[in-house]
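Undergrad: The structure that follows is given in the form of structure tokens.
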Amino acid sequence: MSAASPDVVVVGGGLVGCACAHSLAKRGLRVTLLERGDLADGASGACDGHVCCPSKAPGLHLELARRSLELYEVLSETLGEETGFRRCGSWLVAETEAEWAALRESAVARQAAGLSVYLQSGDDVRAAEPILGEALLGGSFCPIDGQTDPWRTTLAFAHAARRLGAQLELGVEVIGVVARRGRVHGLETPSGPVPCGRVLLAAGAWTAGLCEGVGVDLPLHPRRGEILVTEPMPPLLSSIVLHAPYVSAKLDHADEARATLVLEQTADGNVLVGSTRSFAGFDPRNTPEGIGAIASEAARLAPKLADLHVIRCFAGLRPCSGDGLPLLGPVPGVEGLFVATGHEGDGVALAPVTGELVADGLTVHGGWLPELLPEREPQARHALPTR
Amino acid sequence: MAEDDVHAAIRDGARSVRGVKVRTHAGMGLCQGHTCGPLIEAVLKRELGSAYQPDDRLVRGPARPVGLGVMASRGGALTPGSPLPMGEGKGVRPHGDGKP
Numbered sequence: 452m453s454a455a456s457p458d459v460v461v462v463g464g465g466l467v468g469c470a471c472a473h474s475l476a477k478r479g480l481r482v483t484l485l486e487r488g489d490l491a492d493g494a495s496g497a498c499d500g501h502v503c504c505p506s507k508a509p510g511l512h513l514e515l516a517r518r519s520l521e522l523y524e525v526l527s528e529t530l531g532e533e534t535g536f537r538r539c540g541s542w543l544v545a546e547t548e549a550e551w552a553a554l555r556e557s558a559v560a561r562q563a564a565g566l567s568v569y570l571q572s573g574d575d576v577r578a579a580e581p582i583l584g585e586a587l588l589g590g591s592f593c594p595i596d597g598q599t600d601p602w603r604t605t606l607a608f609a610h611a612a613r614r615l616g617a618q619l620e621l622g623v624e625v626i627g628v629v630a631r632r633g634r635v636h637g638l639e640t641p642s643g644p645v646p647c648g649r650v651l652l653a654a655g656a657w658t659a660g661l662c663e664g665v666g667v668d669l670p671l672h673p674r675r676g677e678i679l680v681t682e683p684m685p686p687l688l689s690s691i692v693l694h695a696p697y698v699s700a701k702l703d704h705a706d707e708a709r710a711t712l713v714l715e716q717t718a719d720g721n722v723l724v725g726s727t728r729s730f731a732g733f734d735p736r737n738t739p740e741g742i743g744a745i746a747s748e749a750a751r752l753a754p755k756l757a758d759l760h761v762i763r764c765f766a767g768l769r770p771c772s773g774d775g776l777p778l779l780g781p782v783p784g785v786e787g788l789f790v791a792t793g794h795e796g797d798g799v800a801l802a803p804v805t806g807e808l809v810a811d812g813l814t815v816h817g818g819w820l821p822e823l824l825p826e827r828e829p830q831a832r833h834a835l836p837t838r
Numbered sequence: 083m084a085e086d087d088v089h090a091a092i093r094d095g096a097r098s099v100r101g102v103k104v105r106t107h108a109g110m111g112l113c114q115g116h117t118c119g120p121l122i123e124a125v126l127k128r129e130l131g132s133a134y135q136p137d138d139r140l141v142r143g144p145a146r147p148v149g150l151g152v153m154a155s156r157g158g159a160l161t162p163g164s165p166l167p168m169g170e171g172k173g174v175r176p177h178g179d180g181k182p
């Protein structure tokens with residue numbers, strides 16, 4: 452460990468942890484980041500790169516996404532390293548009359564909130580994205596949305612944090628939080644204790660386990676998302692595409708077997724075809740059911756994809772808070788302990804704004820947003836499986 | 083990619099083949115690291131000695147490219163250990179992305 456005692460220790464070298472480390476270092480704090488494996492080893496290394504606004508509920512969630520998008524627009528310049536972000540626009544597409552009616556309603560609500568969203572017919576959708584099939588009745592297009600490269604973005608945040616003086620300690624596992632008389636004193640690692648009065652846990656779905664060690668039951672569950680990767684192709688998709696039920700599936704915790712189609716083409720040309728949401732503990736394996744369900748959705752809604760080869764499957768464990776919003780702020784009962792997790796599938800989209808909010812929270816008195824505090828009203832959450 | 087790229091990844095903290103993959107995108111082409119994986123592993127072992135970390139991560143399928151349409155129709159049957167018979171799976175001819 453470095454000699455000078457840090458102001459904050461961040462636990463977790465994923466996109467959220469690295470974004471927080473960068474923001475805190477930028478505010479002049481001495482930051483040490485501990486990561487048990489390597490950068491982007493967890494969900495940040497097993498996800499898509501959507502930065503999508505209309506999938507967020509009007510209100511705070513949508514505002515967070517819009518702020519994050521603003522930060523993404525200039526992030527490569529801010530960090531001095533290419534993140535892979537590009538503004539490509541997004542389609543939310545509807546297949547059934549019920550989906551189309553709900554999508555029209557949601558587009559109106561988002562327009563009312565000031566978001567640019569345009570309703571288009573099925574023919575318009577197919578004209579814009581010829582890979583999409585006849586089954587679609589229509590869609591809504593949001594021109595400001597984008598996609599980023601989660602790996603490059605994580606690395607760019609980490610490198611920028613390091614240039615600002617943050618210590619990045621990779622391969623250092625945190626065994627537990629050291630707390631005495633309701634106050635954090637540091638962290639326990641296999642090579643000894645790391646003393647620190649302020650600790651930010653940004654360890655994704657694994658954050659709950661670290662909180663358990665100090666007697667705090669964080670409302671957080673790993674939720675597995677599976678994704679297929681096709682062979683690299685010439686440009687097939689100009690925007691990111693989400694089947695409309697993807698949005699409602701997030702808060703539907705019962706429908707385990709279902710896959711909802713989400714598509715993007717990476718800079719390398721591979722098409723990422725997702726995705727599922729299932730509660731399977733910390734099991735990161737792909738499943739025949741998940742793979743089959745994703746491929747079936749893709750073949751039905753974008754039949755031309757059936758001709759592509761799948762070269763890889765992967766799955767990531769998203770940290771699910773239950774109500775669709777991240778958990779950001781102090782952990783009740785343990786002074787000096789903070790969390791930044793619970794983003795579920797929004798970790799990529801919301802990482803830049805999360806870094807900003809965490810830096811506000813830790814450097815400005817009363818800086819945390821009450822709606823995101825870990826102890827916020829539990830009745831707002833939907834039923835979650837018991838741990 | 084060149085061996086220098088592996089050295090740069092090591093300087094950035096990579097200790098495993100996956101660490102090199104995240105930093106260089108090696109192993110993301112059509113053969114999914116079957117060719118470059120062992121070469122990168124050799125460089126890592128030579129440069130890092132005991133600090134080299136073997137990947138204990140899952141082996142992800144498919145073992146070879148499979149048509150998405152075939153996955154759609156037979157997804158449930160594509161369990162580990164029951165690969166598709168050779169020659170199945172229609173599809174456009176894959177082309178490489180110029181990466182190892």
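Residue numbers (my numbering), protein chains in the order written: chain A, 452 to 838; chain B, 83 to 182. Using N, Cα and C, we set each Cβ at its ideal position, and we do this for glycine too. Note that the coordinates shown come from a computational prediction; the quantities given were computed from them, not determined experimentally.
1) What residues match up with valine 482 (chain A) in a beta bridge as DSSP calls it?
2) Using only alpha-carbon positions, find the residue among A:Thr792, A:Glu795, A:Ser541 and A:Leu752 that is nearest to alanine 586 (chain A).
3) Can a CB atom of chain A be found closer than 8 Å to the CB of valine 88 (chain B)?
4) Can you tell me which of the three DSSP states lysine 181 (chain B) falls into?
5) Is threonine 161 (chain B) helix, strand or coil when you go by DSSP?
6) Where cysteine 647 (chain A) and leucine 619 (chain A) are concerned, what is the direct C-alpha to C-alpha distance, given to the nearest angstrom?
7) Determine, using beta carbons only, whether threonine 161 (chain B) comes closer than 8 Å to chain A.
8) Could you pull the DSSP bridge partners for isoleucine 678 (chain A) from this structure?
9) Roughly how many angstroms separate the alpha carbons of arginine 769 (chain A) and cysteine 498 (chain A), rounded to a whole number?
10) What's the gap between the Cα of glycine 163 (chain B) and the Cα of arginine 142 (chain B)?
11) Leaving aside the five residues before and after leucine 475 (chain A) along the sequence, list all residues of the same chain whose C-beta is less than 6 Å from its C-beta, in chain order.
12) Shorter than 8 Å from the beta carbon of arginine 487 (chain A) to some beta carbon of chain B?
13) Report yes or no: is there a C-beta of chain A within less than 8 Å of the C-beta of arginine 93 (chain B)?
14) Establish whether the CB of arginine 518 (chain A) and some CB of chain B are separated by less than 8 Å.
15) Pick out whichever of A:Phe730, A:Tyr569, A:Leu651 and A:Arg517 has its Cα sitting closest to the Cα of glycine 597 (chain A).
16) Would you say aspartate 719 (chain A) reaches chain B, if we count a Cβ-Cβ gap shorter than 8 Å as a contact?
17) What does the alpha-carbon distance come out to for the pair serine 519 (chain A) and proline 644 (chain A)?
18) Short of 6 Å in beta carbon distance, which residues of its chain neighbour serine 495 (chain A), apart from the five on each side in sequence? Order them along the chain.
19) DSSP on threonine 805 (chain A), reduced to helix/strand/coil?
20) For threonine 711 (chain A), tell me which candidate among A:Ser699, A:Asp492, A:Glu514 and A:Met684 has the shortest Cα-Cα distance.
21) Would you say valine 460 (chain A) faces chain B, with C-beta separation under 8 Å as the test?
22) Tell me, to the nearest whole angstrom, how far the beta carbon of histidine 794 (chain A) is from that of leucine 801 (chain A); I am working on the premise that it is less than 8 Å.
23) State the DSSP-derived secondary structure class of glycine 531 (chain A), mapped to helix, strand or coil.
24) Judging by CA-CA distance, which residue of A:His512, A:Ser541 and A:Glu533 is the nearest neighbour of threonine 409 (chain A)?
25) Ordered along the chain, which non-local residues of its own chain (more than five positions away) have a Cβ less than 7 Å from that of threonine 106 (chain B)?
26) Is the Cβ of valine 125 (chain B) closer than 8 Å to any Cβ of chain A?
27) Kindly list the residues whose CB is nearer than 6 Å to the CB of lysine 103 (chain B), restricted to its own chain and excluding five residues on each side of it in sequence; keep chain order.
28) Return the CA-CA distance between threonine 117 (chain B) and glycine 535 (chain A), expressed in angstroms with no decimal places.
29) Can you tell me where the beta strand (DSSP E) holding proline 120 (chain B) begins and where it ends?
30) Measuring CA to CA, which of A:Leu756, A:Gly784 and A:Glu556 is closest to asparagine 721 (chain A)?
31) With 7 Å as the C-beta to C-beta threshold (strictly closer), list the residues of the stretch 784–803 of chain A near chain B in chain order.
32) Compare the beta carbon distance of alanine 609 (chain A) and leucine 490 (chain A) with 8 Å and say whether it is the shorter of the two.
33) Which residue from A:Pro509, A:Gly500, A:His760 and A:Val568 puts its Cα closest to that of methionine 684 (chain A)?
34) Return the chain-ordered list of same chain residues with a C-beta closer than 8 Å to the C-beta of arginine 175 (chain B), the five sequence neighbours on each side being excluded.
35) Quick one: is glycine 131 (chain B) near chain A, going by C-beta distance under 8 Å?
36) Using a Cβ-Cβ cut-off of 8 Å, state whether leucine 768 (chain A) counts as contacting chain B.
TA: The answer reads as follows:
1) By 1-based counting over the first sequence, the position of residue 482 (chain A) is 31. According to DSSP, valine 482 (chain A) bridges with A:Val459.
2) Residue numbering aside, residue 586 (chain A) sits at position 135 when the first sequence is read from its first letter. Alanine 586 (chain A) has its Cα closest to that of A:Leu752, out of A:Thr792, A:Glu795, A:Ser541 and A:Leu752.
3) Against the second sequence, residue 88 (chain B) aligns to sequence position 6. At a cut-off of 8 Å, the C-beta of valine 88 (chain B) has no neighbouring C-beta in chain A.
4) As a working mapping, residue 181 (chain B) is identified with position 99 in the second sequence. Note that lysine 181 (chain B) scores 35 on pLDDT, short of 50, meaning its location in the model is unreliable and no value can be drawn from it.
5) As a position in the second sequence, residue 161 (chain B) is number 79, starting the count at 1. With a pLDDT of 48 at threonine 161 (chain B), under the threshold of 50, the modelled position of this residue cannot be trusted; read the value that follows with caution. The DSSP-derived three-state label of threonine 161 (chain B) is coil.
6) Within the first sequence, numbered from 1, the residue matching residue 647 (chain A) stands at position 196. Within the first sequence, numbered from 1, the residue matching residue 619 (chain A) stands at position 168. Approximately 15 Å between the Cα atoms of the pair.
7) On the second sequence, residue 161 (chain B) is found 79 positions in, with the first residue counted as 1. Only weak support is given to the placement of threonine 161 (chain B): the predicted model assigns it a pLDDT of 48, under 50, and the question is left unresolved by the model.
8) For the purposes of this step, residue 678 (chain A) is taken as the residue at position 227 of the first sequence. Per DSSP, the beta bridge partners of isoleucine 678 (chain A) are A:Gly725 and A:Phe765.
9) For this step, residue 769 (chain A) is matched to residue 318 along the first sequence. For this step, residue 498 (chain A) is matched to residue 47 along the first sequence. Cα to Cα, arginine 769 (chain A) sits roughly 9 Å from cysteine 498 (chain A).
10) The sequence position of residue 163 (chain B) within the second sequence is 81, counting from 1. The sequence position of residue 142 (chain B) within the second sequence is 60, counting from 1. Confidence at glycine 163 (chain B) is low in this model, with a pLDDT of 44, below 50, so its placement is unreliable and no value can be given for it.
11) If you number the first sequence from 1, residue 475 (chain A) lands on position 24. Val459, Val482 and Ala810.
12) Counting from one through the first sequence, the residue named residue 487 (chain A) turns up at place 36. Proximity of arginine 487 (chain A) to chain B, defined by a Cβ-Cβ separation below 8 Å, is not satisfied.
13) Translated into the one-based positions of the second sequence, residue 93 (chain B) becomes position 11. For arginine 93 (chain B), no CB of chain A lies under 8 Å from its own CB, so it is not counted at the interface with that chain.
14) The sequence position of residue 518 (chain A) within the first sequence is 67, counting from 1. Not one beta carbon of chain B lies nearer than 8 Å to the beta carbon of arginine 518 (chain A).
15) To locate residue 597 (chain A), count along the first sequence from 1; it is residue 146. Residue nearest to glycine 597 (chain A) within the set A:Phe730, A:Tyr569, A:Leu651 and A:Arg517 is A:Arg517 (criterion: CA-CA distance).
16) Here the question's residue 719 (chain A) lines up with position 268 in the first sequence. At least one C-beta of chain B is nearer than 8 Å to the C-beta of aspartate 719 (chain A).
17) As a working mapping, residue 519 (chain A) is identified with position 68 in the first sequence. As a working mapping, residue 644 (chain A) is identified with position 193 in the first sequence. Their Cα atoms are separated by approximately 35 Å.
18) Within the first sequence, numbered from 1, the residue matching residue 495 (chain A) stands at position 44. Excluding residues within five positions, the ones whose Cβ falls inside 6 Å are Gly465, Leu466, Pro601 and Thr605.
19) Walking along the first sequence from the start, residue 805 (chain A) turns up at place 354. The three-state reading of DSSP puts threonine 805 (chain A) in helix, counting H, G and I together.
20) On the first sequence, position 260 is the one that residue 711 (chain A) refers to. Nearest C-alpha to threonine 711 (chain A): A:Ser699.
21) Counted from its first residue, the first sequence places residue 460 (chain A) at position 9. Against chain B, the CB of valine 460 (chain A) has no partner CB under 8 Å away; the residue lies outside that interface.
22) Reading the first sequence from its first residue, position 343 is the one you call residue 794 (chain A). Reading the first sequence from its first residue, position 350 is the one you call residue 801 (chain A). About 6 Å; that satisfies the 8 Å criterion.
23) For the purposes of this step, residue 531 (chain A) is taken as residue 80 along the first sequence, with counting starting at 1. Residue state, collapsed to three classes: coil.
24) There is no way to answer for residue 409 (chain A), as the model of chain A reaches only from 452 to 838.
25) As a working note, residue 106 (chain B) is residue 24 in the second sequence. Around threonine 106 (chain B): Met83, Asp87 and Ala91.
26) Here residue 125 (chain B) is taken as the residue at index 43 of the second sequence, counted from 1. For valine 125 (chain B), the closest Cβ of chain A is not nearer than 8 Å.
27) In the second sequence, counting from the first residue as 1, residue 103 (chain B) sits at position 21. If we look at lysine 103 (chain B) and ignore the five residues flanking it on each side, its Cβ neighbours are Gly109.
28) Locating residue 117 (chain B) in the second sequence gives position 35, counting from the first residue. Locating residue 535 (chain A) in the first sequence gives position 84, counting from the first residue. When rounded, the distance between both Cα atoms is 26 Å.
29) The residue you call residue 120 (chain B) lines up with position 38 of the second sequence. Secondary structure note for proline 120 (chain B): it is in no beta strand (DSSP E), and the uninterrupted alpha helix (DSSP H) holding it is 118–130.
30) Reading the first sequence from its first residue, position 270 is the one you call residue 721 (chain A). That would be A:Leu756, whose Cα lies nearest to the Cα of asparagine 721 (chain A).
31) Hits within the stretch: zero.
32) For the purposes of this step, residue 609 (chain A) is taken as the residue at position 158 of the first sequence. For the purposes of this step, residue 490 (chain A) is taken as the residue at position 39 of the first sequence. Yes, the Cβ-Cβ distance between alanine 609 (chain A) and leucine 490 (chain A) is below 8 Å.
33) Indexing the first sequence from 1 puts residue 684 (chain A) at position 233. The candidate whose alpha carbon is nearest that of methionine 684 (chain A) is A:His760.
34) Here residue 175 (chain B) refers to the residue found at position 93 when the second sequence is read from its first residue. Because the pLDDT at arginine 175 (chain B) is just 34, under 50, the model does not fix this residue reliably, and the value given afterwards should be weighed accordingly. Hits under 8 Å: none found.
35) By 1-based counting over the second sequence, the position of residue 131 (chain B) is 49. Not closer than 8 Å to any Cβ of chain A, the Cβ of glycine 131 (chain B) fails to qualify, so no.
36) By 1-based counting over the first sequence, the position of residue 768 (chain A) is 317. Output row for leucine 768 (chain A): interface = no.
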